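Undergrad:
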Amino acid sequence: MRILKAAAGLSCLAVICGGSLASTAASADTVTTEVVCNRFDQCWRVHHHYTYPDSVGVVYHDADWWETNKADTRYHFRADPDNDRGYYDEAGTWRRDPGARAVAGAGGGAVAGAIIGCVVTIAIGCAPGAATGAAIGAGAGAATGAATTP
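Going by the working numbering, the residue at position 114 of the sequence shown is 140; the numbering climbs one at a time, nothing skipped.
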């Protein structure tokens, strides 16, 4: 029975590790571009998720949204800033926000947490530990990403 549990745990670990390596390899060469629109319907492109002041009221859209909606007169498509860290204000003026922090670490933290959780609970099965570890790791990864984004 112990051998069966160990084999199940190792197979879970292999699936998690394999999935994380595959996703890392797939995303290593791509730069994600998204569109952000503020509450004044001013939109611009960004390359990271940032935490914006609540007063800005941002909504994220995928890159295709820009092309689909660029003829819509409701939106004001602004120039892409040289530096993503900032936002457009109500008057359409770019406000640099050097304190803006990307929230990019959650995915990596979730994978690391799932692996650690699986290893720790291997004797009773991988799933409970992996789920808990992923949740904790995602939170820690997001906090780390926010704290370390230059």
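Here a beta-carbon is modelled for each residue, glycine too, at the ideal position from N, C-alpha and C. Keep in mind the model is a prediction, meaning the values are calculated, not measured.
Let me know the secondary structure DSSP gives residue 88 once reduced to three states.
TA: Here residue 88 sits in strand by DSSP.
Undergrad: Can you grab the Cα-Cα spacing for the pair residue 109 / residue 63, in whole Å?
TA: Near 16 Å, if we compare the C-alpha coordinates of residue 63 and residue 109.
Undergrad: Between residue 92 and residue 72, is the Cβ-Cβ spacing less than 9 Å?
TA: No; because the gap between Cβ atoms is not below 9 Å, this pair is not in contact.
Undergrad: Quick one: Cα of residue 13 to Cα of residue 94, how far?
TA: Within the shown structure, residues of the chain are numbered from 27 to 176, placing residue 13 beyond reach of any answer.
Undergrad: Measure how close the beta-carbons of residue 118 and residue 104 come, nearest whole angstrom, since I'm counting them as under 8 Å.
TA: Going by Cβ atoms, the distance from residue 118 to residue 104 rounds to 7 Å, so yes, they are a contact pair.
Undergrad: Between the C-alpha atoms of residue 149 and residue 121, what's the straight-line distance to the nearest angstrom?
TA: Those two C-alpha atoms are separated by around 53 Å.
Undergrad: Relative to the C-alpha of residue 74, which candidate in 154, 98, 87, 152 has its C-alpha closest?
TA: Closest by alpha carbon: 87.
Undergrad: Under three-state DSSP, which class holds residue 82?
TA: Of the three classes helix, strand and coil, the one that applies to residue 82 here is coil, per DSSP.
Undergrad: Nearest-angstrom Cα distance between residue 66 and residue 99?
TA: Those two C-alpha atoms are separated by around 13 Å.
Undergrad: When you compare only the Cα positions, how much space is there between residue 123 and residue 157?
TA: Whole-angstrom Cα-Cα distance: 35 Å.
Undergrad: Put residue 54 into one of helix, strand or coil per three-state DSSP.
TA: Because the pLDDT of residue 54 is 38, which lies under 50, any placement of that residue in the model is unreliable, and the number read from its coordinates should be weighed accordingly. Coil, per DSSP.
Undergrad: Could you pull out every residue in the same chain whose Cβ sits closer than 6 Å to the Cβ of residue 154, ignoring the five residues on either side in sequence?
TA: So the list reads 147, once near-sequence residues are dropped.
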